[in-house]
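Q: My questions all concern the structure below.
Residue numbers (my numbering): 46 to 410.
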């Protein structure tokens with residue numbers, strides 16, 4: 046049944062479609078989530094269309110962004126393609142490029158990530174298929190990671206650890222966080238959670254948002270800047286966090302000019318997309334001493350090659366795209382999906398709906 050149609054007895058087929066290799070949780074947790082979906086409406090039928098993903102495909106998923114998302118297409122068996130043909134609603138990470146043909150009944154896709162480029166490229170818009178993303182599902186855990194990195198650097202924790210390993214009683218005094226100014230570039234779900242935690246530490250918080258206009262305010266930050274005021278905001282920050290999505294407008298957003306706009310001795314943290322940062326410019330800003338430190342959880346090419354010069358850049362902390370936490374991911378994702386499923390069945394607007402005709406409307410992470 047499609048929303049608005051008169052048939053109230055036809056099954057509402059929901060497809061669960063993501064790599065089976067991601068399912069590291071106990072089987073009973075997966076089954077509990079499926080039961081919770083079915084409990085929403087007796088007509089709901091859930092099909093398990095989880096598929097095998099090769100190691101090569103997993104590597105490509107994190108590789109340097111490219112315009113040909115066909116590399117990420119699920120490797121479906123004929124049986125899975127036949128099953129997907131019945132699906133009206135899908136919880137999916139990626140879709141077959143011929144999804145419009147394979148799934149003629151598909152009306153709504155709940156994405157599993159904050160980004161939606163690969164899903165949009167499957168032609169959902171022209172087919173009138175609604176798309177929602179999972180922005181916010183990982184926001185709390187990633188914001189905690191950001192604050193952990195700030196504390197690690199400003200409190201000089203690596204140096205303190207080194208003194209212990211050397212059996213050396215040598216004080217290493219850090220910086221007080223309260224009273225410092227934090228700038229957030231990309232004030233979406235993650236940026237908001239970073240702001241909430243930073244203000245709890247007594248920091249002044251500034252933020253830019255693509256949709257912000259002069260004079261706009263937000264209760265969770267001290268000042269909100271339009272995107273064209275980025276350099277003005279950067280000049281006032283002791284630390285800057287990038288949480289922007291992968292968009293044409295964010296590629297290369299941080300370069301020589303942007304790092305030069307930041308005060309000498311400031312910090313830079315990237316938990317958004319590696320493509321937003323000119324890594325040569327970041328390297329220069331760190332090796333020159335203009336930036337006191339940086340932490341990146343993402344890179345322009347992932348996984349980062351062992352021979353990459355980034356590994357040896359002074360005062361650069363690198364993590365392997367793991368700023369999120371896996372313990373609550375599935376619970377948060379399914380809570381969002383169930384909420385949107387209820388809205389869909391009631392004919393209401395969906396949370397995190399992507400405006401298919403405007404890529405920028407995917408919003409910040």
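Using N, Cα and C, we set each Cβ at its ideal position, and we do this for glycine too. Keep in mind that this is a model prediction, so the values were computed, not measured.
Is DSSP giving residue 332 helix, strand or coil here?
A: Your numbering for residue 332 matches position 287 in the chain shown. In this structure, residue 332 counts as helix in the three-state DSSP scheme.
Q: Please identify the residue among 185, 281 and 258 whose C-alpha is closest to the C-alpha of residue 237.
A: The sequence position of residue 237 within the chain shown is 192, counting from 1. Ranking the options by Cα distance to residue 237, first place goes to 185.
Q: Specify, as a first and last residue, the run of the alpha helix (DSSP H) that residue 374 falls within.
A: The sequence position of residue 374 within the chain shown is 329, counting from 1. Taken as a continuous stretch (DSSP letters only), the alpha helix (DSSP H) holding residue 374 covers 374 to 390.
Q: The beta strand (DSSP E) with residue 311 in it runs from where to where?
A: Here the question's residue 311 lines up with position 266 in the chain shown. Its beta strand (DSSP E) spans residues 311 to 315.
Q: Considering just the uninterrupted stretch of the alpha helix (DSSP H) at residue 138, what are its terminal residues?
A: Counting from 1 along the chain shown, the entry for residue 138 is found at position 93. Looking at the DSSP string, residue 138 is not in any alpha helix (DSSP H), and its letter there is neither H nor E.
Q: Across which residues does DSSP place residue 64 in a beta bridge pair?
A: Indexing the chain shown from 1 puts residue 64 at position 19. Partner(s): 96.
Q: In the DSSP output, what is residue 340 paired with across the bridge?
A: Here residue 340 refers to the residue found at position 295 of the chain shown. Residue 340 is bridged to 314 and 362.
Q: Which residues in the same chain have their Cβ closer than 7 Å to the Cβ of residue 148, if we skip the five residues on either side of it in sequence?
A: Reading the chain shown from its first residue, position 103 is the one you call residue 148. Only 129, 130 and 132 meet the Cβ criterion.
Q: Would residue 65 be called buried (16 or more neighbouring beta carbons within 10 Å of its own) or exposed?
A: The residue given as residue 65 occupies position 20 in the chain shown. Residue 65 is exposed by the Cβ-count criterion.
Q: Within 10 angstroms of its Cβ, does residue 141 collect 16 or more other Cβ (buried), or is it exposed?
A: As a working note, residue 141 is residue 96 in the chain shown. So residue 141 counts as buried.
Q: Rounded to a whole number of angstroms, what is the C-alpha to C-alpha distance between residue 192 and residue 125?
A: The sequence position of residue 192 within the chain shown is 147, counting from 1. The sequence position of residue 125 within the chain shown is 80, counting from 1. C-alpha separation (whole angstroms): 43 Å.
Q: Can the beta-carbon of residue 285 be found less than 8 Å from the beta-carbon of residue 317?
A: Within the chain shown, residue 285 is the residue found at index 240, counting from 1. Within the chain shown, residue 317 is the residue found at index 272, counting from 1. No, the Cβ-Cβ distance between residue 285 and residue 317 is not below 8 Å.
Q: Roughly how many angstroms separate the alpha carbons of residue 200 and residue 60, rounded to a whole number?
A: Reading the chain shown from its first residue, position 155 is the one you call residue 200. Reading the chain shown from its first residue, position 15 is the one you call residue 60. Straight-line Cα distance between these residues: approximately 47 Å.
Q: Applying the 10 Å Cβ sphere with the 16-neighbour rule, what's the burial state of residue 297?
A: Taking the chain shown and counting its residues from 1, the one referred to as residue 297 is at position 252. Answer is exposed; the Cβ neighbour count stays below 16.
Q: Decide if residue 62 is buried, meaning its Cβ has at least 16 other Cβ atoms within 10 Å, or exposed.
A: Locating residue 62 in the chain shown gives position 17, where the first residue counts as 1. Burial call: buried.
Q: Tell me, please, whether the stretch 200 to 218 touches the stretch 174 to 188 by the rule of three or more beta-carbon pairs shorter than 8 Å.
A: Short answer: they don't touch.
Q: Could you say which of 278, 85 and 198 lies nearest to residue 361 if we only look at CA atoms?
A: Taking the chain shown and counting its residues from 1, the one referred to as residue 361 is at position 316. Looking at the Cα atoms, 198 is the closest of the given residues.
Q: Rounded to the nearest angstrom, what separates residue 396 and residue 58 at their Cα positions?
A: Here the question's residue 396 lines up with position 351 in the chain shown. Here the question's residue 58 lines up with position 13 in the chain shown. Each residue's alpha carbon lies about 20 Å from the other.
Q: Which residue wins for smallest C-alpha separation from residue 303, given the options 343, 292, 291 and 282?
A: Counting from one through the chain shown, the residue named residue 303 turns up at place 258. Residue 282 is the option with its Cα nearest to residue 303.
Q: Would you say residue 157 and residue 176 are within 8 Å of each other, going by their C-beta atoms?
A: The residue given as residue 157 occupies position 112 in the chain shown. The residue given as residue 176 occupies position 131 in the chain shown. Their beta carbons are not under 8 Å apart, which means residue 157 does not touch residue 176 by this criterion.
Q: Would you report the Cα separation of residue 165 and residue 171, rounded to the nearest angstrom?
A: If you number the chain shown from 1, residue 165 lands on position 120. If you number the chain shown from 1, residue 171 lands on position 126. Whole-angstrom Cα-Cα distance: 10 Å.
Q: Distance check for residue 174 and residue 388, CA to CA, integer angstroms please.
A: Your numbering for residue 388 matches position 343 in the chain shown. Your numbering for residue 174 matches position 129 in the chain shown. Rounded to the nearest angstrom, the two C-alpha atoms are 16 Å apart.
Q: When the Cα atoms are used, what is the spatial distance from residue 376 to residue 235?
A: Against the chain shown, residue 376 aligns to sequence position 331. Against the chain shown, residue 235 aligns to sequence position 190. Using only the alpha carbons, I get a separation of about 17 Å.
Q: Figure out for me which residue from 87, 80 and 86 has the closest Cα to the Cα of residue 93.
A: Mapped onto the chain shown, residue 93 falls at position 48. Closest by alpha carbon: 80.
Q: According to DSSP, residue 228 sits in a beta bridge with which residue or residues?
A: Within the chain shown, the letter at position 183 stands for residue 228. DSSP lists 251 and 285 as partners of residue 228.
Q: Which residues mark the beginning and the end of the beta strand (DSSP E) in which residue 155 is found?
A: As a first step, residue 155 is located in the chain shown; it is residue number 110 there, counting from the start. From DSSP, the beta strand (DSSP E) with residue 155 extends over 153 to 156.
Q: Run through DSSP, which three-state label would residue 176 get?
A: As a first step, residue 176 is located in the chain shown; it is residue number 131 there, counting from the start. Strand at residue 176.
Q: Look at residue 307 and residue 336 and say whether their C-beta atoms are less than 8 Å apart.
A: Here residue 307 corresponds to residue number 262 of the chain shown, with the count starting at 1. Here residue 336 corresponds to residue number 291 of the chain shown, with the count starting at 1. Their beta carbons are under 8 Å apart, which means residue 307 touches residue 336 by this criterion.
Q: Provide the residue span of the beta strand (DSSP E) that contains residue 270, from first to last.
A: Counting from one through the chain shown, the residue named residue 270 turns up at place 225. Taken as a continuous stretch (DSSP letters only), the beta strand (DSSP E) holding residue 270 covers 268 to 271.
Q: Can you tell me which of the three DSSP states residue 182 falls into?
A: The residue you call residue 182 lines up with position 137 of the chain shown. DSSP places residue 182 in coil when its eight states are reduced to three.
Q: Could you check where the alpha helix (DSSP H) with residue 203 kicks off and where it finishes?
A: As a first step, residue 203 is located in the chain shown; it is residue number 158 there, counting from the start. Counting along the chain, the alpha helix (DSSP H) containing residue 203 begins and ends at 202 to 210.
Q: If I measure Cβ to Cβ from residue 220 and keep anything under 7 Å in the same chain, skipping five residues before and after, which residues do I get?
A: Taking the first residue of the chain shown as 1, we reach residue 220 at position 175. These residues qualify, in order along the chain: 199.
Q: What are the boundary residues of the alpha helix (DSSP H) that includes residue 145?
A: Against the chain shown, residue 145 aligns to sequence position 100. Segment 144 to 147, the alpha helix (DSSP H) holding residue 145.
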